[in-house]
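In my numbering, the protein residues as written are 272 to 383. Have a look at the structure below before the remarks.
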Amino acid sequence: MDCIFCKIVAGEIPAKKLYEDEQVMAFADVNPQTPVHALIVPKRHIVSLAHTSREDAGLLGHLHAVASELAAKHELTSGYRTVINTGPDGGQTVGHLHVHLLGGRPMHWPPG
Ligand code: 5GP
Ligand code: ZN
Numbered sequence: 272m273d274c275i276f277c278k279i280v281a282g283e284i285p286a287k288k289l290y291e292d293e294q295v296m297a298f299a300d301v302n303p304q305t306p307v308h309a310l311i312v313p314k315r316h317i318v319s320l321a322h323t324s325r326e327d328a329g330l331l332g333h334l335h336a337v338a339s340e341l342a343a344k345h346e347l348t349s350g351y352r353t354v355i356n357t358g359p360d361g362g363q364t365v366g367h368l369h370v371h372l373l374g375g376r377p378m379h380w381p382p383g
């Protein structure tokens with residue numbers, strides 16, 4: 272499958288791995304927008320949040336629980352942001368579901 276994140280999960284493309292278990296993997300974003308910018312992905316190829324259903328609730332919760340653990344590990348004590356971009360209007364550029372963990376500086380709202 273021609274998917275960058277599946278290739279990272281398979282070890283075919285190098286990435287700075289931050290966490291891994293049976294279901295998910297986290298690695299550093301290659302183009303970080305904040306001092307801490309991690310991507311948490313399911314190992315199974317899922318295109319986007321729009322391609323999930325209630326059956327994926329456990330996995331979706333797990334992705335966020337790992338984001339919370341990584342935030343604690345990186346000592347983001349004053350806060351952080353988690354983001355899932357979905358589809359063209361959501362600004363998604365890689366078609367494999369991922370949660371962004373952004374932290375290490377104050378962020379603004381609303382997003383662009
Ligand atoms: P999206 O725009 O789909 O929400 O986020 C995709 C993210 O993946 C971007 O922040 C981009 O920098 C990151 N990215 C794209 N290609 C690679 C890659 O090959 N390795 C890593 N580590 N991150 C990537
Ligand atoms: Zn994939």
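Glycine is no exception: its CB is placed at the ideal position from the N, C-alpha and C atoms. As the structure is a computational prediction, the values presented were derived from the model and not from experiment.
The stretch 323-341 makes contact with the stretch 295-306, as at least three CB pairs between them are under 8 Å. Between Val-370 and Leu-341, the alpha-carbon positions lie close to 12 Å from each other. In this structure, Leu-334 sits away from Ile-317, with a CB-CB distance that is not shorter than 7 Å. Selection Ala-281, Val-280, Leu-373, Glu-326 evaluated against Gly-350 yields Leu-373 as nearest (Cα-Cα). At a cut-off of 6 Å, the beta-carbon of Val-295 does not count as near the ligand 5GP: no heavy atom of the ligand is closer than that. Judged by DSSP in its simplified three-state form, Leu-310 adopts strand.
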